[in-house]
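Chemist:
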Amino acid sequence: MKYSRADFPKGFTFGAATSAYQIEGHAQGGAGRTHWDDFAATPGNVVRMENGARACDHLNRFEEDLDLAAGMGLDAYRFSTSWARVMPEGRGTPNPEGLDFYDRLVDAMLARGLKPFATLYHWELPSALADLGGWRNRDIADWFAEYTRTIMGRIGDRVHAAAPINEPWCIAWLSHFLGQHAPGLRDIRAAARAMHHVLLAHGRATQVMRDLGMTNLGAITNHEYVLPADSTEAASKAATLYDGIYNRWFLSGIYSGSYPEDVLALLEQHLPAGWQDDMKTISQPVDWAGINYYTRKLVAPGPSGHPLDFAEGVGDLPQTTMGWEIYPEGLTRMIARVSQAYARNPGASIPIYVTENGMSAAGSLTAGAVEDPQRIAYLERHMEAVLRAIEEGADVRGYFIWSLLDNYEWALGYDKRFGLVHVDFDTLTRTPKASYHALKRALAG
Ligand code: FCB
Numbered sequence: 012m013k014y015s016r017a018d019f020p021k022g023f024t025f026g027a028a029t030s031a032y033q034i035e036g037h038a039q040g041g042a043g044r045t046h047w048d049d050f051a052a053t054p055g056n057v058v059r060m061e062n063g064a065r066a067c068d069h070l071n072r073f074e075e076d077l078d079l080a081a082g083m084g085l086d087a088y089r090f091s092t093s094w095a096r097v098m099p100e101g102r103g104t105p106n107p108e109g110l111d112f113y114d115r116l117v118d119a120m121l122a123r124g125l126k127p128f129a130t131l132y133h134w135e136l137p138s139a140l141a142d143l144g145g146w147r148n149r150d151i152a153d154w155f156a157e158y159t160r161t162i163m164g165r166i167g168d169r170v171h172a173a174a175p176i177n178e179p180w181c182i183a184w185l186s187h188f189l190g191q192h193a194p195g196l197r198d199i200r201a202a203a204r205a206m207h208h209v210l211l212a213h214g215r216a217t218q219v220m221r222d223l224g225m226t227n228l229g230a231i232t233n234h235e236y237v238l239p240a241d242s243t244e245a246a247s248k249a250a251t252l253y254d255g256i257y258n259r260w261f262l263s264g265i266y267s268g269s270y271p272e273d274v275l276a277l278l279e280q281h282l283p284a285g286w287q288d289d290m291k292t293i294s295q296p297v298d299w300a301g302i303n304y305y306t307r308k309l310v311a312p313g314p315s316g317h318p319l320d321f322a323e324g325v326g327d328l329p330q331t332t333m334g335w336e337i338y339p340e341g342l343t344r345m346i347a348r349v350s351q352a353y354a355r356n357p358g359a360s361i362p363i364y365v366t367e368n369g370m371s372a373a374g375s376l377t378a379g380a381v382e383d384p385q386r387i388a389y390l391e392r393h394m395e396a397v398l399r400a401i402e403e404g405a406d407v408r409g410y411f412i413w414s415l416l417d418n419y420e421w422a423l424g425y426d427k428r429f430g431l432v433h434v435d436f437d438t439l440t441r442t443p444k445a446s447y448h449a450l451k452r453a454l455a456g
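The sequence shown begins at 12 in the numbering used here and counts up by one.
1. May I ask you to list the residues that DSSP assigns as paired with P137?
2. If you draw a straight line from the C-alpha of A89 to the C-alpha of F321, how long is it?
3. List in chain order: all unbroken alpha helix (DSSP H) runs of 4+ residues lying wholly within the segment 56 to 106.
4. Specify the secondary structure class of F128 as computed by DSSP and reduced to three states.
5. Is C181 a contact residue of ligand 1, with contact defined as CB to any heavy atom under 7 Å?
6. Check T251 in the structure and name its three-state DSSP category.
7. Give a single yes or no on whether N56 has its beta carbon closer than 7 Å to a heavy atom of ligand 1.
8. Run the CB neighbour count on K427, radius 10 Å, all protein chains shown included, and call it buried at 16 or more, exposed below.
9. Tell me the rounded alpha-carbon separation between V58 and E382.
10. Taking 8 Å as the threshold, find out whether the segment 113 to 130 comes into contact with the segment 90 to 97 through three or more Cβ pairs.
11. Have a look at the DSSP bridge pairing and note the partners of T24.
12. Return yes when the Cβ of G326 is within less than 8 Å of the Cβ of A311, no when it is not.
13. With V397 as the anchor, note down where its alpha helix (DSSP H) starts and where it stops.
14. I'd like to confirm the pairing. Which residues does DSSP put opposite E323 in its beta bridges?
15. Would you tell me roughly how many angstroms separate the C-alpha atoms of E100 and R221, rounded to the nearest one?
16. Less than 8 Å between the beta carbons of R204 and T292, yes or no?
17. Taking the straight line between their C-alpha atoms, what separation do you get for L210 and I265?
18. With a threshold of 7 Å on Cβ separation, who are the neighbours of V452 within its own chain once the five nearest residues in sequence on each side are excluded?
19. For S446, which of T53, P314, S414, A422 has the nearest alpha-carbon?
20. Tell me which residues share the same chain as L342 and place their Cβ nearer than 6 Å to its Cβ, disregarding the 5 neighbours each side in the sequence.
21. Please report the straight-line C-alpha distance between G469 and Y425, rounded to a whole angstrom.
22. Assess contact between the segment 373 to 381 and the segment 229 to 246, defined as three or more Cβ pairs (one per stretch) separated by less than 8 Å. Is contact present?
23. For A347 and G124, what's the separation of their Cα atoms in angstroms?
What follows is the structure in structure tokens.
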């Protein structure tokens, strides 16, 4: 690996990220049903109709997994708590086994010198709440606040940092407009409401955590670096609007307390009445900004001609097995944009963590080893992109690799392997890949 710890500012945090449903094994431990179980049980949504029932069986193997994280020399571990594991019905009586599990998990991190970075929602909405309209229902902000109080009342005294929501764009647009993730809706009104309610839930949960005395609270947004697919004016317009929906809506909501005019012009009619009154809650100060970044997107107008119909251009850069182009420059640029989005105090900079970055790559287990040179190169180039952003003045504090383990990659099932550690999904054997060993050397050096 071209870079080592010594190339980064003193105290820079290196971590790996995972999420509950993708690794734990949701069928065990008294967790309630989630909308991902329902989505996966509907033919056509998920490759081979796979779900997270067993996943990596992390629930029973978390000690081994944290040994691997600590053994790599990481400083931190980003995990998520599952709403349906903590509260099987989404509200009301908690599941004691679920609370105990996260309690032990956090202690196990601390025992290994790993700083716990918690995320409260990484996509597994309890089915009981989906039945009530899920993210379309404004009450979700209160339900989420109750869940936040329950789980953080138990582990909040020991987590190093916490963020309420993972990737609001995916929760809202990908899942309610594009229909590609649970609940699989293609409905503009549902999407617009989810775009607002997910941010309101972020705000309410942040209030609850402050009330519990917690500090070091952030927001985690995902970003694609958007470019027009060609030099036409139509492509440029489409790219601007796509960027508005993907990037600006959430950044502007959280960090400036307003929504971008161009997106609002199309979606305001679908927002709940009085949405303006929520903007203060949504934009209350946070202590850091988390950025998940994987790729760029080339955008052109879609076939119908409607402004919200986008077509994707085909770029000429090398791609990962997700079909995502590798474009590290986009990470530098997005870090700069997020720094600037924090306009509340002119001249002030917000601490930034790259909370997810990584690639899916083929790489099979041969004689006990997995060679993944593409991943090593990807990580090197993105570390370089982070260093460049720091040189340009951004206050980047940490870099988390997605992911520690090969895991359940949502609608793509178990085919796409993002892990630094290979998981054999039949035997559940863990095998550190070459990228794991390369990082271990880089972090020790
Ligand atoms: C992100 C998700 C994460 C994983 C990676 C590949 O959008 O947060 O769960 O699926 O993409």
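All C-beta atoms, glycine included, are put in the ideal place defined by N, C-alpha and C. This one's a predicted model, so the numbers in the text were calculated from it and none came from an experiment.
Modeler: Taking the coordinates as given:
1. T45
2. The question names Ala, yet the displayed sequence has Arg at residue 89. Near 33 Å, if we compare the C-alpha coordinates of F321 and R89.
3. 69 to 82, 94 to 97
4. strand
5. yes
6. helix
7. no
8. buried
9. 25 Å
10. yes
11. G409
12. no
13. 384 to 402
14. V310
15. 25 Å
16. no
17. 7 Å
18. For clarity, residue 452 is Arg in the given sequence; the question names Val instead. So the qualifying residues of the chain are M12.
19. S414
20. Y304, H393, A396
21. Summary: the structure shown does not reach residue 469, with the chain confined to residues 12 through 456, and so no result is reported for it.
22. no
23. 31 Å
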